[in-house]
Amino acid sequence: MTLAPTARPSTVTSLKVRSGRLVELVLVVFAVAIVALAYVNVSIATEDRLPTDVWWHVGLFGVLPLALHVVLRWRARYADPLLLPIATLLNGLGLVMIHRIDVSQGLGPTDGVAARQLLWTGLAVAMAAVALVVVRDHRVLRRYTYTAMAIGFVLLLLPMLPVVGQEINGSRLWIRIGPFSLQPGELAKIALTVFFAGYLVTTRDALSLVGRRFLGLQLPRARDLGPILVAWGLSVLILVSQRDLGSSLLFFGLFVAVLYVATERTSWIVIGLSLFVAGAVLAWQLFSHVQQRVTLWLDPFAPGQSDQVAKGLMGLGHGGIFGTGLGEGYPYITYFPASDYVIASFGEELGMIGLFAMLLLYALLVERGLRTAIGAREGFGKLLAAGMAFTVALQVFVIVGGITRVIPLTGLTTPFLSAGGSSLLANWVIVALLLRISDHARRPVSERRLDPTTDRAHPTEVTP
Amino acid sequence: MGELTLNLVRLGVIVLLWAFVFSVVGVLRGDLYGTRVSHNAGPARATRETRSERRQRKNSPTHLVVTEGRLRGTSVPLHDAGLLVGRNPECSLVLTDDYASGRHLRIYPGVDAWYADDLGSTNGTEVNGRRIGTGVRLDPGAQIRIGQTVLELRR
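Protein sequence lines, in the order shown, are assigned to chains U and L. The first sequence maps to residues 1 to 464 in the UniProt record's numbering. The second sequence maps to residues 1 to 155 in the UniProt record's numbering.
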């Protein structure tokens, strides 16, 4: 944007464009080294010796991001160099913690949950590579706006079907096909982000232009409220039928966030938040399982209820500032120490210092996503990148907020850390799409490809 | 393995974790210092201009200036690639005018002058009081009205 405030114009030019691939390679190796050290740490603490086959295990993990790095050199030379190392480090730390919980239950590195998670990591990284190779240009995804909507809604509603749907721990979030159980909501969030971005990039003019001003807010017309009401209705439906406050909040929050990015109207956030609060209060009055969550949040130490939150808080307290050290605490006392409560496990063993480093990693990951959105030169890519970055941010907020009693606890997965294949798959595909968009955004003018979706209404791409 | 080794490894994990965070932030500084702002007009021309070209250039406008509306006083250098005017953030001149469309107007160089296309905007564009379609020649000093904003080409 070359908006010069004075008559004397300023030109803003980038310095020599660096692809950043070397930086990425160095940081990926660094990340794998940290994971290796953490793995050794667990082994020394629990078994007082170096892990057997340490090179083999670390190599098996390390070869995955390195392979993706090669794919990036081949297919997305100018992609953001920081996304891959951060995702690698988080995923690796998750593996180490899952292995550590395995050890506490007498399982070795080959027969525990960690081995399966490593398998899923391989599958997820492979999917990310496939996404990078197949989606040569993210603007192609805009053609599938309504297909993505259909896929997203079907995936969301799948667990409610009688045969494949499964209720685990009071939430209907899983489907079971043969030996595999999947959480389709995780994959739905990608499809829905594509839909929201594609839909709002075409309708944002109508949603942002007209309306009256009231108390400094530009309010939309009543008939433009349709889309937000539909999104709200759907999220309430998820809340009621699947009993899952987390994904309900995730989908509605995602829609409102993309809507806000698309229109720049604060009033949408106000409207969205008040709708959500109204829905949540209604659900709280009507459903006993929501009431349980709220009392658990307000008073986790009250007798006669689940002690999950209390145990998590005890764990965090036991860790203190410096933590007990990997393999020296008791994170396995909490329920789901490797999936829902993995953050509490890290808080206990790495302490506040370690946990803050990990939260910073998330913040940096989200920042890279939003930076990609700023750099993208067309609306669809902007909204897609902002939406994807926001899902990661909101998911981390909901689960960390639940564990630390900022909001009522809901079972969302922690991106990259939690044991669970669908979440890992979804998050690696999100990283792949962000890499694709950032490659497009950072590519120097001389190497740009033409728009594959050329239409006559938008004849030229103007580069200031 | 002694207690000392264990503590060293434990400390190492935390230190390396933070070292990683800081090295990532170090790379991020590229975002802050990665651009160069030069206060001289226009990009350097690759080839030498002939005298007649230069004379013609002297007469042709170099800036698009907002003379009325919220962005009054803003000027944008004209580019050989043309420029887009509208409310979308990807436009070269981003209007904050509620009557402007996302992609409202395109201004591009022709053989002898600058031309404008209305990109099918909702509320239309007027040049010197007449509503325009596509391929309209812009003479220096022509008043281009988009909603409550008036633009003008200047030298």
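We put the beta carbon where it would ideally sit given N, CA and C, even for glycine. Model, not experiment: these values are computed from the prediction.
- Checking the DSSP bridge columns, you'll see Val94/L partnered with Gly86/L.
- For the C-beta of Glu378/U, the chain L residues within less than 8 Å are, from N- to C-terminus, Glu90.
- For the options Gly369/U, Ala376/U and Gly315/U, the alpha carbon positioned closest to that of Phe346/U is the one of Gly315/U.
- Neighbours of Thr149/L across chain U, judged by C-beta separation under 7 Å, do not exist; the nearest C-beta is about 14 Å away.
- Judged by beta-carbon spacing, Arg405/U lies within the 8 Å limit of Pro300/U, meaning their Cβ atoms are closer than that value.
- At a cut-off of 8 Å between C-beta atoms, Ala441/U does not count as an interface residue with respect to chain L.
- Under a criterion of Cβ atoms nearer than 7 Å, the residues of chain L adjacent to Asp205/U are, in order, Ser101 and Gly102.
- When CB distances to chain L are screened at a threshold of 9 Å, the residues of the region 70 to 83 of chain U falling below it are Pro81 and Leu82, in chain order.
- The beta carbon of Leu254/U lies closer than 8 Å to those of Lys189, Leu192, Thr193, Phe196, Gly387, Phe390, Thr391 and Leu394 in the same chain, with the five residues before and after it left out.
- At least 8 Å separates the beta-carbon of Ala441/U from that of Arg368/U.
- When C-alpha distances from Trp297/U are compared across Val396/U, Leu384/U, Tyr341/U and Thr410/U, the shortest belongs to Thr410/U.
- Non-local beta-carbon contacts of Ile430/U in its own chain, meaning distances under 6 Å to residues more than five positions away in sequence, involve Met388 in chain order.
- Residues of the region 19 to 47 of chain U with a C-beta atom less than 8 Å from some C-beta of chain L are Gly20, Val23, Leu27, Phe30, Ala31, Ala33, Ile34, Leu37, Ala38, Val40, Asn41, Ile44 and Ala45, listed in chain order.
- Membership of Val111/L in any beta strand (DSSP E) is not indicated, and neither H nor E is assigned to it by DSSP.
- Nearest CB-CB separation between Ile86/U and chain L: below the 8 Å threshold.
- Apart from the 5 residues on each side of it in sequence, Ala257/U sits with its Cβ closer than 6 Å to the Cβ of Phe390 in its chain, given in chain order.
- Our two residues, Leu313/U and Leu107/U, have alpha carbons roughly 26 Å apart in a direct line.
- Of all C-beta pairs linking the region 91 to 104 of chain L to the region 62 to 77 of chain L, three or more are shorter than 8 Å, placing the two stretches in contact.
- Chain L has no Cβ within less than 8 Å of the Cβ of Leu250/U.
- Flagged as an interface residue toward chain L: Gly325/U, by a C-beta distance shorter than 8 Å.
- With respect to chain L, the C-beta atom of Leu350/U has a partner C-beta closer than 8 Å.
- If you draw a straight line from the Cα of Pro331/U to the Cα of Trp56/U, it comes to about 27 Å.
- For Ala357/U, the chain L residues whose Cβ falls inside 9 Å of its Cβ are Ile14, Leu17, Trp18, Phe20 and Val21, in order along the chain.
- Between Gly421/U and chain L, the shortest Cβ-Cβ separation is not below 8 Å.
- For Thr5/L, the chain U residues whose C-beta falls within less than 7 Å of its own C-beta are Ile44, listed in chain order.
- Residue contact with chain L for Leu364/U: present (Cβ-Cβ distance below 8 Å to some residue of chain L).
- In terms of beta-carbon proximity, Leu64/U stays away from the interface with chain L, with every pair separated by 8 Å or more.
- CA-to-CA, the gap between Pro89/L and Val398/U works out to about 31 Å.
- Distance from the Cα of Ala131/U is smallest, within the candidate group Gly420/U, Ser241/U, Ala76/U and Ser306/U, for Ala76/U.
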